[in-house]
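Trainee: Mind having a look at this structure? Questions to follow.
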Amino acid sequence: MRPTPIEMEADRLREVAARRARDLPLERYSLSNPGQLFMLQDRERRVLRLLCKNHPEVLSAGQVLEVGCGTGLWIRDLIRWGVSPARITGVELLEERAREAKQLCPADVSIYCGNAVTLAFPDHAFDLVIQSTVFTSILDDEVQQGLAREMLRVLKPDGVILWYDFRVNNPWNADVRGVTRGTVHNLFPECRVQLRAITLAPPFVRRVAPVSWMACNLLSVLPFLCTHYLGTIRKM
């Protein structure tokens, strides 16, 4: 039987992840790397400002789902921000990453290994659904649309999707594709979409941060130098 587009894309993502784990230098993503540290701290400040100003209830009492949770970095951030581990659920396609997330996160966090295009949760189950650089890794339009539908299905009517993803293509990485503002609107029709360009271009910040943290702060407010969109998506 011929595999479905969902199965084919999942197999491709597993192959890409295995290749990246083998070829990428670990120090690039270490917090000892000033550029990586700046990007993570800058993102954290902006995410907290966005949520605390507009949606404080999701941190204090909401049920939270992260699709494509990887090894649980965002989950551990959520716990530091005050979210109870028992209110957090993560779904990760890759078995080794899901296994590591279970090891690194508190036992009360629910971590599932599976494909987020077919979520095993009831309708309207979550107040906050997070996706971070998941859509940019999916090259199949049909699979992207299926994931967007599932995220909306499990989102409560007054819930919010937190979006963080590349808005531009990476010329050095053909395995990912930037997601434009127009694409986000098409993926989530009849929704209120608010996006803002953030994250100073990684190749640039990795060179500048070791020299001047202040320069990174100044440059990171210029949208044309930023590679990601951060924002929220809400049902009408």
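Residue numbering for the sequence shown follows my numbering, beginning at 116 and increasing consecutively.
All C-beta atoms, glycine included, are put in the ideal place defined by N, C-alpha and C.
If you're wondering where the values come from, they're calculated on a predicted model, not measured in any experiment.
1) Alpha carbons only, please: which of R117, R127, F153 is nearest the one belonging to V320?
2) Name the residue from D273, E305, A316, A312 whose alpha carbon lies nearest to the alpha carbon of F241.
3) Given 8 Å as the limit, is there contact between the region 245-255 and the region 220-230, that is, 3 or more CB pairs closer than that?
4) Beta strand (DSSP E) containing C312: first to last residue?
5) What are the boundary residues of the alpha helix (DSSP H) that includes I194?
6) Starting from P120 and walking both ways along the alpha helix (DSSP H), at which residues does that stretch end?
7) Quick check for students: name the residue ranges of the alpha helix (DSSP H) that lie wholly in the region 253-307, counting only runs of 4 or more.
8) Excluding the 5 residues flanking E257 on each side, which residues of the same chain have their C-beta closer than 6 Å to its C-beta?
9) Kindly indicate the opening and closing residues of the beta strand (DSSP E) around S179.
10) Just list the beta strand (DSSP E) runs in the region 201-263, keeping only unbroken ones of 3 residues or longer that don't cross its boundaries, in chain order.
11) Assuming I190 contacts V244 (C-beta within less than 8 Å), just tell me the rounded distance between them.
12) Report the three-state DSSP secondary structure of L337 (helix, strand or coil).
13) To the nearest angstrom, how far is it from the Cα of R212 to the Cα of A133?
Mentor: Looking at the atomic coordinates:
1) F153
2) D273
3) no
4) According to the sequence shown, residue 312 is Ala rather than Cys. It spans 306-315 - the beta strand (DSSP E) in which A312 sits, taken as one unbroken run.
5) 188-195
6) Segment 120-138, the alpha helix (DSSP H) holding P120.
7) 256-269, 296-302
8) P120
9) In the sequence on display, residue 179 carries Val and not Ser. First-last of the beta strand (DSSP E) with V179: 179-182.
10) 203-207, 225-228, 241-247
11) Not confirmed; about 13 Å, so no contact.
12) coil
13) 11 Å
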